[in-house]
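Q: Number 95 in our numbering belongs to position 94 of the sequence shown; there are no gaps in the numbering.
Glycine included, C-beta positions come from ideal geometry on N, C-alpha and C.
Since we're looking at a predicted model, the values are computed, not measured.
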Amino acid sequence: MNKVQNIEQKLSDVSYLIIDDEIAADKISQEDFIDDLGFANTNPQFVASCEEALNVLRKNLEIKFCFLDCKLPKTINESVNYNPTDSSDYGIQLIDEITEINQEIPIIVFSAYVDKTILKEQAKDNSNIVGYLRKDESPESYREAFKLALQYCDIPVQGFKPQNSIVSINNIGFNYDELSQQDSEIIQQKTRTIKNLARITAESIIQIGKNLIDVKQALPRGKFYAWAESEFPWSVKMVNRFMRVYDKFNDMSTEELELLPVTVLYELAPKSVSNEAIRETIDVAKSGETITVAKAKEIKSKYSEPKKNPDQDSGRKKRSTTTKIDFSEAQSPIASDEQEVNDKNSDYQLIGNNTLVDDSTKLISDSTKPKQQIVEVITQKRLWHIDKHIIYNGDPNSPNFLKLLPPKALICLNFSPDPEFKFQYTDYDSWLSLYIKNPNLDAKKLVDLISEVIASSTEELDAVIVLYIPHVDILNIVHDWYCKAYVVDPNYQKCISVVEGELNNLDPA
Numbered sequence: 002m003n004k005v006q007n008i009e010q011k012l013s014d015v016s017y018l019i020i021d022d023e024i025a026a027d028k029i030s031q032e033d034f035i036d037d038l039g040f041a042n043t044n045p046q047f048v049a050s051c052e053e054a055l056n057v058l059r060k061n062l063e064i065k066f067c068f069l070d071c072k073l074p075k076t077i078n079e080s081v082n083y084n085p086t087d088s089s090d091y092g093i094q095l096i097d098e099i100t101e102i103n104q105e106i107p108i109i110v111f112s113a114y115v116d117k118t119i120l121k122e123q124a125k126d127n128s129n130i131v132g133y134l135r136k137d138e139s140p141e142s143y144r145e146a147f148k149l150a151l152q153y154c155d156i157p158v159q160g161f162k163p164q165n166s167i168v169s170i171n172n173i174g175f176n177y178d179e180l181s182q183q184d185s186e187i188i189q190q191k192t193r194t195i196k197n198l199a200r201i202t203a204e205s206i207i208q209i210g211k212n213l214i215d216v217k218q219a220l221p222r223g224k225f226y227a228w229a230e231s232e233f234p235w236s237v238k239m240v241n242r243f244m245r246v247y248d249k250f251n252d253m254s255t256e257e258l259e260l261l262p263v264t265v266l267y268e269l270a271p272k273s274v275s276n277e278a279i280r281e282t283i284d285v286a287k288s289g290e291t292i293t294v295a296k297a298k299e300i301k302s303k304y305s306e307p308k309k310n311p312d313q314d315s316g317r318k319k320r321s322t323t324t325k326i327d328f329s330e331a332q333s334p335i336a337s338d339e340q341e342v343n344d345k346n347s348d349y350q351l352i353g354n355n356t357l358v359d360d361s362t363k364l365i366s367d368s369t370k371p372k373q374q375i376v377e378v379i380t381q382k383r384l385w386h387i388d389k390h391i392i393y394n395g396d397p398n399s400p401n402f403l404k405l406l407p408p409k410a411l412i413c414l415n416f417s418p419d420p421e422f423k424f425q426y427t428d429y430d431s432w433l434s435l436y437i438k439n440p441n442l443d444a445k446k447l448v449d450l451i452s453e454v455i456a457s458s459t460e461e462l463d464a465v466i467v468l469y470i471p472h473v474d475i476l477n478i479v480h481d482w483y484c485k486a487y488v489v490d491p492n493y494q495k496c497i498s499v500v501e502g503e504l505n506n507l508d509p510a
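Dropping the structure here:
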């Protein structure tokens with residue numbers, strides 16, 4: 002059996018679900034959909050309602066992934082309101098129900114009636130979403146999404162049904178004409194490289210991640226994800242997974258990489274996964290045991306710190322740092338008044354007095370992640386909700402602020418002008434006090450320092466508490482690392498500066 006025949010045999014074993022009332026309505030639509038995918042020898046199942054989809058998934062645990070239309074009837078006997086403003090999007094609601102049945106199943110969401118940005122906004126909190134498509138997108142986009150889903154089944158498809166190198170270079174949201182000719186040529190070359198690498202092997206995932214990072218560094222701030230979403234049917238989380246895999250595994254040999262399915266690479270890619278866990282996973286694979294995601298999770302958990310009960314944890318010794326900063330250059334952000342600080346009780350010194358952050362250090366100041374979209378702004382008791390973040394104007398120890406905080410925060414950043422300040426909330430893993438000695442410090446150095454701390458100690462969706470606003474861009478710094486910010490400051494003007502800054506600097510949707 003040759004290579005292509007072997008791939009076709011594996012594809013014939015793949016069962017997947019197309020949940021769409023229009024496609025499921027007739028045989029011709031079903032055949033056209035499969036024909037457009039270019040993978041005719043697979044085993045698709047078509048259903049037309051949420052109820053049917055759940056019944057199939059409960060009975061057939063061999064379903065590997067789903068294509069899901071967000072405009073669906075709840076049952077086969079109901080009709081659908083195809084008005085884009087209609088809120089009865091049972092397909093979107095179905096996502097969580099599907100993941101309750103199968104927590105690992107990848108889902109590709111598509112629609113002809115709902116804008117892609119709305120799809121991404123509605124489904125952004127579900128890590129099972131691996132792609133967003135409109136029905137009128139090219140067959141190449143669907144094939145890319147299909148291949149991406151196949152990688153979860155550990156089916157290599159390199160060399161099979163080659164596709165066009167570039168879907169489009171003038172999509173809504175990203176336009177190559179906005180770049181210089183030199184930058185445009187470089188980015189388009191990287192785009193072709195990434196698409197040629199999309200062969201769903203561990204080594205190609207590494208190279209995709211590297212090329213994504215190269216493009217991210219080359220594009221202007223705020224353009225990277227617009228470019229990625231216009232060129233590839235990948236969600237933001239999927240793009241980040243590729244880059245994390247590169248960061249974590251780029252030094253690993255090809256022989257070792259081939260021992261791990263790409264789904265296991267994704268599982269082990271977060272910064273929180275220890276090198277010991279990865280080494281044991283490799284050793285187990287070398288012994289001949291097949292490494293599944295479940296096995297990787299089991300190994301990973303052995304090296305994770307046990308979760309502590311907050312009720313029993315109030316007296317624990319937290320990671321605590323007090324840092325003096327005395328920058329000499331003058332580009333003043335919002336900063337504390339000059340004070341003296343006693344850091345003799347610090348557990349350790351992060352940066353010593355008068356130490357400068359190296360200007361050559363490449364940190365978040367050049368990040369190209371998009372600014373957050375504002376969902377609502379509520380000016381009630383000086384409280385603002387911006388996307389998933391909270392800004393509160395008042396005393397950090399105010400009961401009104403404390404009740405807003407989550408049961409657990411990963412890190413608390415304290416910029417209080419009072420070196421003796423005590424925070425009543427204690428359910429955080431790390432405490433970092435940054436005492437700003439010089440109010441005329443260099444803003445870029447401060448932003449870089451805060452960004453480095455957050456980048457090195459957090460994962461996506463972690464809670465970050467910021468006591469006293471150190472810089473007008475603090476919300477965007479936290480958002481750049483996909484964390485949730487709880488920002489508090491008694492100074493009303495500082496809060497307003499942050500809120501208005503986010504409103505004025507918001508990238509267009």
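1) Using only alpha-carbon positions, find the residue among Y483, K495, S498 that is nearest to N241.
2) Which runs of the beta strand (DSSP E) fall wholly inside the region 42-85 and span at least 3 residues, in chain order?
3) Compare the Cα-Cα distances from L62 to each of I96, Q104, I93, Q31 and report the closest residue.
4) Can you find the residues in the same chain that come closer than 8 Å, C-beta to C-beta, to H390, ignoring five residues on each side of it along the sequence?
5) Rounded to a whole number of angstroms, what is the C-alpha to C-alpha distance between R144 and I209?
6) Below 8 Å on the Cβ atoms is my guess for I292 versus L261; work out the distance and round it to an integer in Å.
7) Return the Cβ separation of W385 and C413 in integer angstroms, given the expectation that the two are a contact with Cβ distance under 8 Å.
8) Give me the residue from A49, A25, V285, I99 with the minimum Cα distance to T76.
9) Would you call the CB atoms of S16 and K65 closer than 8 Å?
10) What is the rounded straight-line gap between the Cα of D427 and the Cα of K148?
11) Around the Cβ of Y469, are there at least 16 other Cβ atoms within 10 angstroms (buried) or fewer (exposed)?
12) Would E204 pass as a contact of L151 if the rule is Cβ separation under 8 Å?
13) On a CA-only basis, which of L38, N394, P408 is nearest S499? Give me that one, please.
14) Could you check if S112 is buried or exposed, using at least 16 other CB atoms within 10 Å of its CB as the buried criterion?
15) Extract the residue ranges of the alpha helix (DSSP H) inside the region 373-425, only unbroken runs of 4 or more that lie entirely within it.
16) Go ahead and pull the three-state DSSP assignment for I93.
17) Pick out whichever of T282, F243, L447 has its Cα sitting closest to the Cα of F416.
18) Return the chain-ordered list of same chain residues with a C-beta closer than 8 Å to the C-beta of V285, the five sequence neighbours on each side being excluded.
19) Would you call T540 buried or exposed, if buried means 16 or more other Cβ atoms sit within 10 Å of its Cβ?
20) Out of D248, V246, M253, S305, which one is the CA nearest neighbour of S275?
21) With DSSP run on the structure shown, which of helix, strand or coil describes K217?
22) Rounded to the nearest angstrom, what separates S30 and D36 at their Cα positions?
23) Y487 bridges to which residues according to DSSP?
24) Have a look at S80, V57, G132 and flag the residue whose alpha-carbon is nearest the alpha-carbon of F68.
25) Throw me the rounded Cβ distance for the L411 and Y429 pair, which I believe falls under 8 Å.
26) Let's test the definition: count the other Cβ atoms within 10 Å of the Cβ of K287 and tell me whether it reaches 16, buried, or not, exposed.
27) Per DSSP, which residues does Y17 bridge with? Please list them.
28) Would you mind sorting E268 into buried or exposed? The rule is 16 or more other CB atoms within 10 Å of its CB.
29) Determine the extent of the beta strand (DSSP E) in which F111 is found, giving its start and end residues.
30) May I ask you to report which of helix, strand or coil DSSP gives Y133?
31) Under 8 Å between the Cβ atoms of K272 and E460?
32) Might you give, ordered along the chain, the residues of its own chain that have their beta carbon closer than 7 Å to the beta carbon of Q190, omitting 5 neighbours on each side?
33) Can you tell me whether E232 is buried or exposed, with buried defined as 16 or more other CB within 10 angstroms of its CB?
34) Is the beta carbon of A219 less than 8 Å from the beta carbon of D184?
35) Assign N56 to one of two classes, buried (16 or more other C-beta atoms within 10 Å of its C-beta) or exposed (fewer than that).
36) For A229, I'd like the list of residues in its chain whose CB is within less than 6 Å of its CB, leaving aside the five on either flank, ordered along the chain.
A: A quick look at the data gives this:
1) Among Y483, K495, S498, the Cα nearest to that of N241 is on Y483.
2) 44-48, 64-70
3) Q104
4) Q373, L476, V479, H480, K485, A486, Y487, V488
5) 17 Å
6) 6 Å
7) No, W385 and C413 are not in contact; Cβ-Cβ is about 20 Å, not under 8 Å.
8) A49
9) Between S16 and K65, the C-beta spacing is below 8 Å.
10) In the sequence as displayed, the identity of residue 427 is Thr instead of Asp. Going from the Cα of T427 to the Cα of K148 covers about 46 Å.
11) So Y469 ends up on the buried side.
12) The answer is no: Cβ separation not under 8 Å.
13) In the sequence on display, residue 499 carries Val and not Ser. Residue N394 is the option with its Cα nearest to V499.
14) buried
15) With a minimum length of 4 residues, the continuous alpha helix (DSSP H) runs that stay inside the region 373-425 are 400-403.
16) In the three-state reduction of the DSSP assignment, I93 falls in the helix class.
17) L447
18) Here the set comprises I292, K296, I300.
19) Outside the shown range of the chain, which is 2 to 510, sits residue 540, and nothing can be said about it.
20) S305
21) helix
22) Linking S30 to D36 through their CA atoms gives a straight-line distance of about 10 Å.
23) Y487 pairs with I391, I466.
24) G132
25) 7 Å
26) K287 is exposed by the Cβ-count criterion.
27) P45, F66
28) buried
29) 108-112
30) strand
31) Yes; because the gap between Cβ atoms is below 8 Å, this pair is in contact.
32) none
33) buried
34) yes
35) The residue is exposed, with fewer than 16 neighbouring Cβ atoms inside 10 Å.
36) V240
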